[in-house]
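Visitor: Quick one: structure below, then a few questions.
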Amino acid sequence: MIDLQLLKADPDRFRASQRARGGDEALIDEVLQADVSRRAAIQAFEDARAEQKSFSKQIGKATPEERERLLAEAKTLSERVKALSVEADEAETAFGRAIARVPNLVIDGVPAGGEENFATLRTVGQPRDFATEGFEPQDHLALGEALGAIDTARGAKVSGSRFHYLVGYGAQLELGLLNLARDVAMRNGFVPVITPTLVKPEVMGGTGFLGEHADEVYRLEADDLFLVGTSEVPLAGFHMDEIIDLSEGPKRYGGWSSCYRREAGSHGKDTRGIFRVHQFQKVEMFSYVHQDDAEAEHERMLALQEEMLQLCELPYRVIDVAAGDLGDSAARKFDCEAWVPSQERYRELTSTSNCTTFQSRRLKIRERTEKGTVPVATLNGTMANTRWLVPILENHQQADGSVRVPEALRPYLGGLEVLR
RNA sequence: GGAGUCGUCGCAUAGUCUGGUCUAGUGCACCACCCUGCUAAGGUGGAGUCCCGAUUAUUCGGGACCGUGGGUUCAAAUCCCACCGGCUCCGCCA
Numbered sequence: 000m001i002d003l004q005l006l007k008a009d010p011d012r013f014r015a016s017q018r019a020r021g022g023d024e025a026l027i028d029e030v031l032q033a034d035v036s037r038r039a040a041i042q043a044f045e046d047a048r049a050e051q052k053s054f055s056k057q058i059g060k061a062t063p064e065e066r067e068r069l070l071a072e073a074k075t076l077s078e079r080v081k082a083l084s085v086e087a088d089e090a091e092t093a094f095g096r097a098i099a100r101v102p103n104l105v106i107d108g109v110p111a112g113g114e115e116n117f118a119t120l121r122t123v124g125q126p127r128d129f130a131t132e133g134f135e136p137q138d139h140l141a142l143g144e145a146l147g148a149i150d151t152a153r154g155a156k157v158s159g160s161r162f163h164y165l166v167g168y169g170a171q172l173e174l175g176l177l178n179l180a181r182d183v184a185m186r187n188g189f190v191p192v193i194t195p196t197l198v199k200p201e202v203m204g205g206t207g208f209l210g211e212h213a214d215e216v217y218r219l220e221a222d223d224l225f226l227v228g229t230s231e232v233p234l235a236g237f238h239m240d241e242i243i244d245l246s247e248g249p250k251r252y253g254g255w256s257s258c259y260r261r262e263a264g265s266h267g268k269d270t271r272g273i274f275r276v277h278q279f280q281k282v283e284m285f286s287y288v289h290q291d292d293a294e295a296e297h298e299r300m301l302a303l304q305e306e307m308l309q310l311c312e313l314p315y316r317v318i319d320v321a322a323g324d325l326g327d328s329a330a331r332k333f334d335c336e337a338w339v340p341s342q343e344r345y346r347e348l349t350s351t352s353n354c355t356t357f358q359s360r361r362l363k364i365r366e367r368t369e370k371g372t373v374p375v376a377t378l379n380g381t382m383a384n385t386r387w388l389v390p391i392l393e394n395h396q397q398a399d400g401s402v403r404v405p406e407a408l409r410p411y412l413g414g415l416e417v418l419r
């Protein structure tokens with residue numbers, strides 16, 4: 000949820016943000032109007048309620064003969080309070096719905112426009128020149144199947160399309176990668192956490208996933224629970240309804256969880272292999288920081304993601320995602336995209352979002368400061384996930400179909416240097 | 001799945017039977033000050049969260065919050081209903 004005070008003080012900033020996102024500017028005026036109605040309704044109710052309270056007190060002390068008369072008056076007053084209370088509730092609800100629809104205020108400097116309007120911040124590493132090396136690179140599925148590491152046929156048989164088994168080297172590689180990610184995160188202050196993967200509606204909604212992208216989320220109708228698409232969700236919910244202490248610095252968590260995504264609307268996209276699947280595993284950074292420290296923390300997360308890519312010896316580029324492609328919660332998002340030889344292009348491997356106070360306002364996560372209790376900023380970022388196996392296999396493949404293991408991963412694979 | 005029991009301002013608890021004097025008491029912890037000659041004790045005061053308004057270094061007024069949501073009533077922490085959560089026991093099960 001956005002900051003109402005800020006919206007009232009500077010609505011043009013929010014209109015500009017909506018423009019950059021390609022969103023609806025009129026929404027801003029709807030919220031302002033709803034706020035006026037809400038305040039009027041609340042005031043009317045509270046005045047009546049105050050009157051009723053003092054009246055009610057008199058009745059308690061009244062003599063029997065006074066009582067009769069007072070009761071009659073109190074009764075009409077009571078009815079008025081009830082009616083005004085309903086009106087106030089309705090106005091409050093209408094306002095809540097309006098403001099909940101406003102996505103986060105985009106940070107200055109984020110490129111405007113849709114998915115294709117991203118800005119490339121830097122490109123690191125050189126893609127291999129397979130032509131010079133004298134062989135045609137295979138894609139990750141061909142490599143994975145030959146190694147007995149990836150089995151999508153049986154995944155489809157058992158669970159349907161976009162499901163897979165990781166077997167042998169595949170399982171080892173994923174666990175190794177995730178353990179490396181967890182270690183790097185832990186060294187940098189992210190406390191490892193294994194989270195629930197089913198969450199209540201208020202947590203899923205609070206993190207902003209039930210807005211525009213609600214059809215991406217699996218829902219368990221019978222239990223009114225949602226399967227998380229990332230441990231960002233349960234980690235954001237971790238401190239829900241709490242006043243946390245950030246006086247000793249940020250709270251940093253490294254979540255490890257399975258992730259579930261419906262991939263609605265991506266029919267026909269990336270259908271081969273394990274690039275886009277319904278279920279995968281991920282190690283995710285999540286930080287709660289003081290508002291003013293959010294942008295520094297964002298850079299810090301990005302630096303750790305780049306460290307991971309470098310440890311896996313992958314060529315990549317970093318992009319500043321355009322406003323229209325941000326999602327409701329994010330005020331800015333950086334993606335790291337790794338080179339995928341079989342596709343001859345960079346593909347998203349990590350994402351880190353600065354959600355400023357958007358999530359914490361909904362989830363009621365605050366800290367105590369000299370100025371009172373204020374919402375904290377939340378940030379999240381990928382450390383590693385199943386998708387990483389794609390560029391790792393492809394970039395490190397050798398002419399004979401074997402795959403060289405990046406040095407940083409070897410300790411996690413029992414010293415294994417080559418998968419063959 | 002069944003039975004019992006509990007849910008109160010950081011923690012621990014009183015208050016619920018018998019609705020109004022609860023503007024929620026007490027202890028611990030916390031903060032400020034005072035007193036005290038010694039790593040302590042005592043005294044005084046303060047202190048929660050959210051919303052609305054006025055005024056804005058701030059302060060003041062009003063309202064809401066006793067697990068959540070309904071209901072009864074002039075009036076609900078207190079009575080009624082539903083739900084959620086904790087604990088104990090029974091049954092069933094990976």
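Quick note on numbering: numbering that gives the first Met the number 0 labels position 73 of the first sequence as 72, and the sequence is numbered without any gaps. C-beta: ideal position from N, C-alpha, C; glycine also.
#1: What residues in its chain sit with their C-beta under 7 Å from that of aspartate 319, if we drop five residues either side in the sequence?
#2: What residue range does the alpha helix (DSSP H) around arginine 181 cover?
#3: Mapping the DSSP letters down to three states, classify glutamine 280 as helix, strand or coil.
#4: Which residue wins for smallest C-alpha separation from isoleucine 152, given the options Leu83, Arg68, Tyr217 and Thr270?
#5: Quick check: the Cα distance between glycine 326 and glutamate 211, rounded to an integer number of angstroms?
#6: If you check the beta carbons only, do serine 148 and glycine 169 fall under 9 Å apart?
#7: Taking all protein chains shown into account, do 16 or more other C-beta atoms lie within 10 angstroms of the C-beta of alanine 376, making it buried, or fewer, making it exposed?
#8: What residue does the alpha helix (DSSP H) around phenylalanine 189 start on, and which one ends it?
#9: Could you give the DSSP three-state label for valine 373: helix, strand or coil?
#10: Under the rule that 16 or more other beta-carbon atoms within 10 Å means buried, what is glutamine 4, buried or exposed?
#11: Provide the residue span of the alpha helix (DSSP H) that contains phenylalanine 225, from first to last.
#12: In whole angstroms, what is the alpha-carbon distance linking valine 227 and glutamine 280?
#13: Going by the beta-carbon positions, is the gap between threonine 206 and serine 328 smaller than 9 Å?
#14: When the Cα of aspartate 180 is compared with those of Met307, Ala321, Pro314 and Gln342, which residue comes out closest?
#15: Assess, as a yes-or-no matter, whether the region 212-226 is touched by the region 333-349 under the definition of 3 or more beta carbon pairs within less than 8 Å.
#16: In its own chain, which residues sit with a C-beta less than 6 Å from the C-beta of glutamate 312, not counting the 5 before and 5 after it?
#17: I want to know whether the region 89-99 touches the region 287-297 - three or more CB-CB distances under 8 Å.
#18: Should arginine 386 go down as buried or exposed, given a rule of 16 or more other Cβ atoms within 10 Å for buried?
#19: What first and last residue would you give for the alpha helix (DSSP H) that runs through alanine 155?
#20: If you draw a straight line from the alpha carbon of alanine 425 to that of valine 101, how long is it in whole angstroms?
#21: How far does the alpha helix (DSSP H) with asparagine 394 in it extend, from its first residue to its last?
#22: At the level of alpha carbons, what is the spacing between asparagine 394 and threonine 196?
#23: Do alanine 383 and leucine 176 have their C-beta atoms closer together than 9 Å?
#24: Sort Ala97, Leu224 and Met203 by Cα distance to aspartate 23 and report the nearest one.
#25: Across the region 129-140 and the region 249-256, are there enough close Cβ pairs to call them in contact, namely three or more that are closer than 8 Å?
#26: Considering only residues of the same chain and omitting the five flanking positions on each side of serine 84, which have a CB-CB separation below 6 Å?
#27: Tell me where the beta strand (DSSP E) around threonine 122 begins and ends.
#28: Would threonine 420 be called buried (16 or more neighbouring beta carbons within 10 Å of its own) or exposed?
#29: Would you list, in sequence order, the uninterrupted beta strand (DSSP E) runs of no fewer than 3 residues that lie entirely inside the region 297-357?
#30: Using CA atoms only, rank isn't needed, just tell me which of Arg186, Lys56 and Met203 is closest to leucine 234.
#31: Check this for me: beta carbons of asparagine 353 and glutamate 296, under 9 Å apart or not?
#32: Between which two residues does the beta strand (DSSP E) carrying glycine 236 extend?
#33: Measure the alpha-carbon distance for glycine 21 versus methionine 0 and round it to whole angstroms.
#34: Any idea what DSSP makes of methionine 0, helix, strand or coil?
#35: Given that a residue counts as buried once 16 or more other Cβ atoms are within 10 Å of its Cβ, and exposed if not, what is alanine 398?
#36: Assuming glutamate 132 is part of the alpha helix (DSSP H), what are its boundary residues?
Guide: From the atom records:
#1: Val109, Pro110, Phe117, Ala118, Leu120 and Phe333
#2: 168-186
#3: strand
#4: In the sequence on display, residue 152 carries alanine and not isoleucine. Alanine 152 has its Cα closest to that of Thr270, out of Leu83, Arg68, Tyr217 and Thr270.
#5: 8 Å
#6: For clarity, residue 148 is alanine in the given sequence; the question names serine instead. It is a contact, given that the beta carbons lie within the stated cut-off.
#7: buried
#8: From DSSP, phenylalanine 189 is part of no alpha helix (DSSP H); its letter is neither H nor E.
#9: strand
#10: exposed
#11: That residue, phenylalanine 225, is in no alpha helix (DSSP H); its beta strand (DSSP E) goes 224-226.
#12: 11 Å
#13: yes
#14: The question names aspartate, but residue 180 in the sequence shown is alanine. Selected option, being the one with the closest Cα: Met307.
#15: no
#16: Pro405
#17: no
#18: buried
#19: 151-158
#20: In the structure as shown, the chain starts at 0 and stops at 419, and residue 425 therefore has no counterpart that could be examined.
#21: 388-394
#22: 32 Å
#23: yes
#24: Ala97
#25: no
#26: Phe44
#27: 118-123
#28: With the chain covering 0 to 419 only, the question about residue 420 has no answer from this structure.
#29: 315-319, 331-339 and 344-353
#30: Met203
#31: yes
#32: Here glycine 236 belongs to no beta strand (DSSP E); instead the alpha helix (DSSP H) covers 231-237.
#33: 19 Å
#34: coil
#35: exposed
#36: 129-132
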